[in-house]
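Participant: The structure that follows is given in the form of structure tokens.
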């Protein structure tokens, strides 16, 4: 979502273990409340839509093997382009990832068929009342933002999620773009 401009994010790379439990996890009201479209972001920025109780949103991405794990039909899976169904590791030479940049040197589970889902929790400080764009985020701000995202993850996973976390990463911008 281009217009969102999150200050911080936490990325959770998952392997689906139990499809029914995972689908129930995705359907929970808290998770559903974090799903925002580009139009939702525009409406929030313009003040048309009221600010959400939680100043965050969630991105969900599925790999081809994740869609297989969910049990999508072979007919539906066949509609995806080969670049997606083959995966990046299989296309490494084509995209120029060879030698030191090849799949054998990729971190963690990148390029692995074990990776089914990416859940990205994003913090939007501009949704906080009284937010003023800082010149640069301070270390305490960064820690507070990450703690907020970790707490939100704990709330989301208070019910079983039916997936194993293969790896997780945190990210934060250093400076905010002035508008």
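Residue numbers (this note's numbering): 255 to 433.
We put the CB at the ideal spot given by N, CA and C, even for glycine.
Assuming residue 377 and residue 309 make a contact with CB atoms under 8 Å, what is their CB distance in whole Å?
Facilitator: In the chain shown, counting from the first residue as 1, residue 377 sits at position 123. In the chain shown, counting from the first residue as 1, residue 309 sits at position 55. About 6 Å; that satisfies the 8 Å criterion.
Participant: Can you check the region 319 to 354 for any alpha helix (DSSP H) of at least 4 residues that lies completely inside it and give the ranges in chain order?
Facilitator: Runs found: 328 to 331, 336 to 340, 346 to 349.
Participant: Since I believe residue 279 is in contact with residue 414 (beta carbons under 8 Å), could you give me their beta-carbon distance rounded to a whole number of angstroms?
Facilitator: The residue you call residue 414 lines up with position 160 of the chain shown. The residue you call residue 279 lines up with position 25 of the chain shown. Between residue 279 and residue 414 the Cβ distance is about 7 Å, and since that is below 8 Å, they are a contact.
Participant: Less than 6 Å between C-beta atoms, sequence neighbours within five positions excluded: which residues of the same chain meet that for residue 275?
Facilitator: Looking up residue 275 in the chain shown gives position 21. Cβ within range, chain order: 414, 416.
Participant: Are the region 284 to 292 and the region 304 to 320 touching by the rule of at least three beta carbon pairs closer than 8 Å?
Facilitator: Touching, yes.
Participant: Under the criterion of a Cβ to heavy atom distance below 7 Å, does residue 288 qualify as lining the ligand MN?
Facilitator: Only the bare structure without any ligand can be found here, which leaves the ligand MN out of the picture.
Participant: Let me check understanding here. Comparing Cα to Cα, which of 331, 385, 333 lies closest to residue 299?
Facilitator: Position 45 of the chain shown, counted from the first residue, corresponds to residue 299. The residue with the shortest Cα to Cα distance from residue 299 is 385.
Participant: Let me know the beta strand (DSSP E) ranges lying completely inside the region 266 to 322, each 3 residues or longer, listed in chain order.
Facilitator: Complete beta strand (DSSP E) runs here, min 3: 310 to 316.
Participant: Can residue 401 and residue 264 be called in contact, C-beta distance under 8 Å?
Facilitator: Translated into positions along the chain shown, residue 401 becomes position 147. Translated into positions along the chain shown, residue 264 becomes position 10. No, these two residues do not count as a Cβ contact at 8 Å.
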